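*Asks:* Note that the numbering used here has the sequence shown beginning at 373, numbered continuously upward.
In this text, a Cβ means the ideal position worked out from N, Cα and C, and glycines have one as well.
Please read these numbers as outputs of a predicted model, since none were measured by experiment.
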Amino acid sequence: MRRGSKALLSLATAALIGAMVPGAALGQAGKPVTITTALPKSAKPAGNGEKPADPKGVASALPPGHPETGALPSGHPPVPDEADEEEEAPPNPHGAPSARGGGDPRFYQAPPDGMQDDSLLPVGTIVVALRDAQDHPIPHAKLTLSELFNTVAKGESPERITQREVGDDGTLRLEDLTIGTGTTYRISSARAGGQYSLPRFPLNDKAGERAVLHLFDTSPNIDELSAGIQGVVYVTLKEDVIQVEQLISVFNLGEVAWVPEAPFKLPDGFKAFNKQETPSEARIEEVKGHGAALRGTFGPGRHDLDFRYQIPLDGSEKQTIRIELPPSVAQMRVMAESSRSMAVKVVGFPDAQKVTRDGKRLLVTERQFARSERSQQSSIEIALTGLPVPGPGRWIAVILAVIALGSGIAYVARRRDDGEIDDDTRNDLLEAREALLSEIVALERAHRSGEIGPKSYARLHASLLDALAQIVSQLDVASSVKAARRRGARSAEGAS
373 MRRGSKALLS LATAALIGAM VPGAALGQAG KPVTITTALP KSAKPAGNGE KPADPKGVAS
433 ALPPGHPETG ALPSGHPPVP DEADEEEEAP PNPHGAPSAR GGGDPRFYQA PPDGMQDDSL
493 LPVGTIVVAL RDAQDHPIPH AKLTLSELFN TVAKGESPER ITQREVGDDG TLRLEDLTIG
553 TGTTYRISSA RAGGQYSLPR FPLNDKAGER AVLHLFDTSP NIDELSAGIQ GVVYVTLKED
613 VIQVEQLISV FNLGEVAWVP EAPFKLPDGF KAFNKQETPS EARIEEVKGH GAALRGTFGP
673 GRHDLDFRYQ IPLDGSEKQT IRIELPPSVA QMRVMAESSR SMAVKVVGFP DAQKVTRDGK
733 RLLVTERQFA RSERSQQSSI EIALTGLPVP GPGRWIAVIL AVIALGSGIA YVARRRDDGE
793 IDDDTRNDLL EAREALLSEI VALERAHRSG EIGPKSYARL HASLLDALAQ IVSQLDVASS
853 VKAARRRGAR SAEGAS
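1) Quick check: the Cα distance between E689 and L809, rounded to an integer number of angstroms?
2) Rounded to whole angstroms, what is the Cα-Cα separation between S561 and V584?
3) Please state if the CB of A708 and the CB of V613 are separated by a distance shorter than 8 Å.
4) Could you check the C-alpha separation between Q602 and L609 for me, to the nearest Å?
5) Excluding the 5 residues preceding and the 5 following R859 in the sequence, name in chain order all residues of the same chain whose CB lies nearer than 6 Å to its CB.
6) I'd like the span of the beta strand (DSSP E) that includes V813, first residue to last.
7) Could you tell me if T942 is buried or exposed, where buried requires 16 or more neighbouring beta carbons within 10 angstroms of its beta carbon?
8) In angstroms with no decimal places, state the Cα-to-Cα distance between I693 and R798.
9) Within 10 Å of its beta-carbon, does G626 have 16 or more other beta-carbons around it, so buried, or fewer, so exposed?
10) Cα separation between E633 and P592?
11) Does the distance from the CB of Y681 to the CB of V616 come in under 8 Å?
12) Looking only at its own chain, which residues have a Cβ that is under 8 Å from the Cβ of T553, when we skip the five neighbours before and after it?
13) What does the alpha-carbon distance come out to for the pair A856 and A830?
14) Cβ atoms of G668 and E649: under 8 Å apart, would you say?
15) Whole angstroms is fine: what's the gap from A807's alpha carbon to S851's?
16) Looking only at its chain, what residues have a beta carbon closer than 7 Å to the beta carbon of E683, apart from the 5 residues adjacent to it on each side?
17) F679 and A629: beta carbons closer than 8 Å?
18) Can you tell me where the alpha helix (DSSP H) holding E745 begins and where it ends?
19) Is it right to say R563 is buried, meaning 16 or more other beta carbons lie within 10 angstroms of its own, or is it exposed?
20) Using 10 angstroms around the beta-carbon of H512, count the other beta-carbons present and answer buried if the total reaches 16, otherwise exposed.
21) Rounded to whole angstroms, what is the Cα-Cα separation between R478 and V622?
22) Buried or exposed, going by whether 16 or more other CB atoms sit within 10 Å of the CB of P494?
23) Could you tell me the boundaries of the beta strand (DSSP E) in which H586 lies?
24) Using only the alpha-carbon positions, how far apart do V849 and I824 sit?
25) In chain order, what residues of the same chain have a beta carbon less than 6 Å from the beta carbon of A755, not counting five sequence neighbours either side?
26) Using only alpha-carbon positions, find the residue among T556, I594 and N576 that is nearest to S747.
27) Relative to the C-alpha of F636, which candidate in P672, G580 and S750 has its C-alpha closest?
28) What is the DSSP secondary structure of D426, reduced to helix, strand or coil?
29) Going by beta-carbon coordinates alone, are V604 and L619 separated by less than 8 Å?
30) Where do the N-terminal and C-terminal ends of the beta strand (DSSP E) with L544 fall, by residue?
31) DSSP beta-bridge partners for V628?
32) Would you report the Cα separation of K423 and P484, rounded to the nearest angstrom?
33) Output yes or no for whether 8 Å exceeds the beta carbon distance between L549 and R558.
34) If you count every other CB in all the chains shown that lies within 10 Å of the CB of R705, and 16 or more means buried, which is it?
35) Just to confirm, are T516 and L546 a CB contact at a threshold of 8 Å?
Shown next, in the form of structure tokens:
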């Protein structure tokens, strides 16, 4: 994604975060209730009698020092440009909100996952703590250690997998591990069908490491959870395609993870599906010939999934895009880069507002859905009007080329005083005739579909017929000359 559209998607999501409050947080008639980001509990991994400090690496969904976000009124211009320049902090491994934003006592506050150096541990040692939603140890749970070697000289070696079990206190000590920037580790575990992991990390040569990973109960039904989805659709026009970029943000405000198998259909004829990789177990995947699907594990907190695809332009002034929605969408925003003549209409949404940002003209509309509406709003239809219609340039170029070919061959033939042509010239004329006939058929189809207007059609059709007549005439003359010569030859043979 270009930086401009990525920034717009980020800003749109930041503006919407306060408006979408699923479950108990949703007000009457779908009205938003502004919330703040959650304050994670401090992690308290205990192992071997030691109590380390809070793990590092806990991240925020908003940049450092960013004010709390709330819902913007309909038609409000985008938030100030300065937000473009701020960098997002690395995501929390299970998507939990940041400690920097403050906590709302009405909602579950997810404890953070993370890694922490511990100088009291020997170098090459990791102490892993597996904990539940209430930050209590999970005894005798299974965990997986993935070890990956990657060097410039040898490249990436096969991944080495070790499966172990934590003790009564929910911890496991891993010792004598390889140290170096070419070696990285990944810790993962499972519970109730959900998968949880820490991002891949190297070990350093100065201290051991402590790791904390939280595991949650799961449900495949998002309607049973305090969870919901916000979506952003960003549309841009390319040379011969409509590029669609979608951002799906899943907000899980409870302590039960969502484990979906949630396919949804993308517009007919979509192609070039591409997605942004995420460090968490939540993911979006392409479903060939159908669309995409939400899969994996969506633990407590926020999970952003960004993907894009293309839809061929059909050559008409108006084109409608139908996009199915994943389950439990609480809010949708549609944004389109547009020309002065272009308009956007989304069925059931307010009229699009004009916004100019970084020199781009945008049309923006959004809608919030009450919980009772979510099951009924299974898709959105985006009508784009005022699209550029291809002109006759392609036809003019093709026709001129064919006419030039035919005329050149005919000119060469006419240079012969007797009108006779050789076999090569005759074959060239026949090929030019077939090419012109094919272009006449294609021109008729383009005219019927509206790709070519009536004036251009009349002009091009006349030119094609004129060129065809010249070629056919020359072929007829050549055939007549050839037949006359044969008759003369036969008469001469009879006289002798």
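*Replies:* According to the structure data:
1) So the alpha carbons of these two residues sit roughly 29 Å apart.
2) About 11 Å.
3) No.
4) So the two alpha carbons sit approximately 24 Å from each other.
5) Beyond the five residues adjoining it in sequence on each side, R859 comes within less than 6 Å, by CB distance, of no other residue in the same chain.
6) Run containing V813: none in the beta strand (DSSP E); it sits in the alpha helix (DSSP H), D795 to S821.
7) Outside the shown range of the chain, which is 373 to 868, sits residue 942, and nothing can be said about it.
8) Each residue's alpha carbon lies about 50 Å from the other.
9) Answer is buried; the Cβ neighbour count reaches 16.
10) For the pair E633 and P592, the Cα-to-Cα distance works out to about 8 Å.
11) V616 sits close to Y681, with the two beta carbons spaced by under 8 Å.
12) Contacts found: P574.
13) As the crow flies, the alpha-carbon of A856 is around 39 Å from that of A830.
14) Taking the C-beta atoms as reference points, G668 is found no nearer than 8 Å to E649.
15) CA-CA distance, A807 to S851, rounds to 20 Å.
16) Here residue 683 is Ile; the residue named in the question, Glu, does not match the sequence. Correct list, in chain order: V613, I614, V616, P639, G641, F642 and I693.
17) Their beta carbons are not under 8 Å apart, which means F679 does not touch A629 by this criterion.
18) Unbroken alpha helix (DSSP H) run through E745: R743 to R746.
19) Buried, since its Cβ has 16 or more Cβ neighbours within 10 Å.
20) Using a 10 angstroms sphere on the CB of H512, the tally of other CB atoms stays under 16, which defines it as exposed.
21) C-alpha separation (whole angstroms): 19 Å.
22) That one is exposed.
23) Element bounds for H586: G580 to H586.
24) Going from the Cα of V849 to the Cα of I824 covers about 35 Å.
25) Result list for A755: T692 and K717, in chain order.
26) Ranked by how close their Cα comes to the Cα of S747, the residues T556, I594 and N576 have I594 in first place.
27) Out of P672, G580 and S750, S750 has the C-alpha closest to the C-alpha of F636.
28) Low confidence applies to D426: its pLDDT is 43, below 50, so where it sits in the model is not reliable enough to give any reading.
29) Yes, Cβ-Cβ distance for V604 and L619 is below 8 Å.
30) According to the DSSP assignment, L544 belongs to the beta strand (DSSP E) that extends over T543 to L546.
31) In DSSP, V628 forms a bridge with D589.
32) The predicted model places K423 with a pLDDT of 41, which falls under 50 and marks its position as unreliable, so this point remains unresolved.
33) For L549 and R558, no; Cβs fall outside 8 Å.
34) Around the beta-carbon of R705, 16 or more other beta-carbon atoms lie within 10 Å, marking it buried.
35) By the CB criterion at 8 Å, T516 and L546 fall outside the cutoff.
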